[in-house]
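First comes the structure, then the notes that go with it.
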Amino acid sequence: MVDTPNLKGPMDAIVDRVMQGETPLQVLAKQAEIPKSQMRSIDRFPYYTAFPFAWYRACFADEVPAGTIKSVRYLNRDLIVWRGEDGAAHVMDAHCPHLGAHIGVGGRVEGCDVVCPFHWWHFDGDGNNTLIPYDGGTNRAAKIRSYPTVDVNGFILFWYHPTGAAPLWQVPRIEPYYDDSWTDYYPAKWNVQCPWQEMAENGPDYIHLRTVHGSVDIPELESLEYDGYFTRLRSKVNFKTPRGPQAGRIDSDGWGPGFSLARFSGIIDACFVSAQTPIDFETTEVSFNYMVKKLGDTPEALEKTLRVGEALVADLKRQEAEDIVIFDNKIYQPMPRLSAADGPIIEFREWARQFYLEGDPLAVNR
Ligand code: FES
Ligand SMILES: [Fe+2]
556 MVDTPNLKGP MDAIVDRVMQ GETPLQVLAK QAEIPKSQMR SIDRFPYYTA
606 FPFAWYRACF ADEVPAGTIK SVRYLNRDLI VWRGEDGAAH VMDAHCPHLG
656 AHIGVGGRVE GCDVVCPFHW WHFDGDGNNT LIPYDGGTNR AAKIRSYPTV
706 DVNGFILFWY HPTGAAPLWQ VPRIEPYYDD SWTDYYPAKW NVQCPWQEMA
756 ENGPDYIHLR TVHGSVDIPE LESLEYDGYF TRLRSKVNFK TPRGPQAGRI
806 DSDGWGPGFS LARFSGIIDA CFVSAQTPID FETTEVSFNY MVKKLGDTPE
856 ALEKTLRVGE ALVADLKRQE AEDIVIFDNK IYQPMPRLSA ADGPIIEFRE
906 WARQFYLEGD PLAVNR
């Protein structure tokens, strides 16, 4: 009798360990309090000296009905998101160029203008002063920085560029959002103590799917392109199901930093829209939103769809909790010592580098 040769490769050893139980990070992720790094972001991520230019999510579209103002803080600055009576959404710096009041605190919308609470100066959606009510005139130098704003896919997104340059690409319509045969978003949100780039590096780092998340079936990469401002990943995956593995796909597209879409097909059709907005150099807000194609119109089918959506979000929350243990404490290794079996980390970094320009004194990490 001949001994059966051991055909297992090193990756199978990881799978065996994963099959035996939780990964250490899964155990840590369940603990309520995980220490965060005490190092400053500039020391952990030396490349992160300016915010990357991109379309960023400010809020959900329905958080700002016509005639209202919402105050937010992103990109190290106070911003207002407001909608004129005509329904047009705007994102602008929050402070008035007259004597500095915060327009989101006590200000109001009148017609297509926003009005400062302090001396009632009016500003239009481009930030121009349109009326000083107590002298009847305007002050052309009193201009508020406004950001190109779009209301698309259920989000208000604004374009940030350190020099104020016009948008270099557009965020496309995500058709399932407008299609009644899909559910609404199942939303989830986190604050993470690292920049967008560190989180996005998880994309090409498919090894971590096993070692961090315990995924036995990792996607088989068909292609991964870094093309101009965009990324495109095409992959096949065998989804684990109670009836055995089932073939499916995960295809994802990214439009610069800050906005991406992944489509899952196979067992179920799902769309996963993610948006990352820097709050400041220490913290990034992550917004994850799933949509699921309805399994039919009957109450039973809708109930089943709901359960699938909830299961997807629960799995996503578990994965994010595991990733955050790494994100909140990692540093950037400028010269990473890689294995030949690692994903295309360096290609990703070369692509990411193009988005950092200095030029906005309020948004430079010093
Ligand atoms: S500070 Fe805004 S009108 Fe005076
Ligand atoms: Fe991950």
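Start counting the sequence shown at 556; every next residue gets the next number (this note's numbering).
Glycine included, each C-beta is placed from N, C-alpha and C at the ideal position.
Coil, strand or helix - residue i by DSSP
i    : result
G914 : coil
H653 : coil
A696 : coil
A743 : strand
A896 : coil
A621 : coil
A721 : coil
E777 : strand
E730 : helix
Closest Cα partner of residue i within the set the options
i    : options                : result
K885 : G622, P590, Q586       : P590
K848 : Y732, A644, F836, P854 : Y732
D668 : W637, T738, D782, F882 : W637
Q725 : G803, P579, F608       : F608
G821 : E753, I834, R804       : R804
S778 : S626, S790, V767       : S790
D760 : H768, R599, I900, A613 : I900
T853 : R612, C671, S736       : S736
A896 : D870, P703, H763       : H763
R909 : K625, A643, Y781       : The amino acid at residue 909 is misidentified as Arg; the sequence shows Gln. When each option's Cα is compared against that of Q909, the closest is Y781.
F794 : P774, G783, G811, D806 : P774
Own chain partners of residue i with C-beta closer than 7 Å, once the 5 adjacent residues on each side are dropped
i    : result
I699 : M647, D648, P652, F678, G682
I687 : W676, T693, N694
V868 : Y741, A743, Y845
G864 : T738, Y741, Y845, V847
L850 : A856, K859, T860
F615 : G709, F710
S894 : none
Unbroken beta strand (DSSP E) run spanning residue i, endpoints
i    : result
H645 : 644–648
S736 : Neither: S736 is in no beta strand (DSSP E) and is coded neither H nor E.
S815 : 814–820
K625 : 624–629
F836 : Segment: none, F836 is in no beta strand (DSSP E) and carries neither H nor E.
E640 : Here E640 belongs to no beta strand (DSSP E), and DSSP marks it neither H nor E.
D824 : Neither: D824 is in no beta strand (DSSP E) and is coded neither H nor E.
Limits of the alpha helix (DSSP H) - the one that residue i falls within
i    : result
L857 : 854–882
V582 : 579–585
T685 : Not the alpha helix (DSSP H): T685 falls in the beta strand (DSSP E), residues 684–686.
I762 : 762–766
R531 : This structure cannot settle anything about residue 531, because the visible part of the chain is limited to 556 through 921.
A755 : 751–755
R599 : 596–599
Other residues of its chain near residue i: CB distance less than 6 Å, five sequence neighbours each side excluded
i    : result
Q831 : W751, G813, T839, V841
D808 : R787, L816
H716 : F608
Residues of its chain near residue i, where Cβ-Cβ distance is below 8 Å and the 5 sequence neighbours each way are ignored
i    : result
V557 : Only weak support is given to the placement of V557: the predicted model assigns it a pLDDT of 38, under 50, and the question is left unresolved by the model.
N561 : The predicted model places N561 with a pLDDT of 44, which falls under 50 and marks its position as unreliable; any figure quoted below should be read in that light. The answer is none, since no qualifying residue turns up.
E837 : R595, S596, Q748
N920 : S596, I597, Y603, T604, A605, F836
Within-9 Å CB hit, residue i to chain B
i    : result
D852 : The structure shown contains no chain B, having only a single protein chain.
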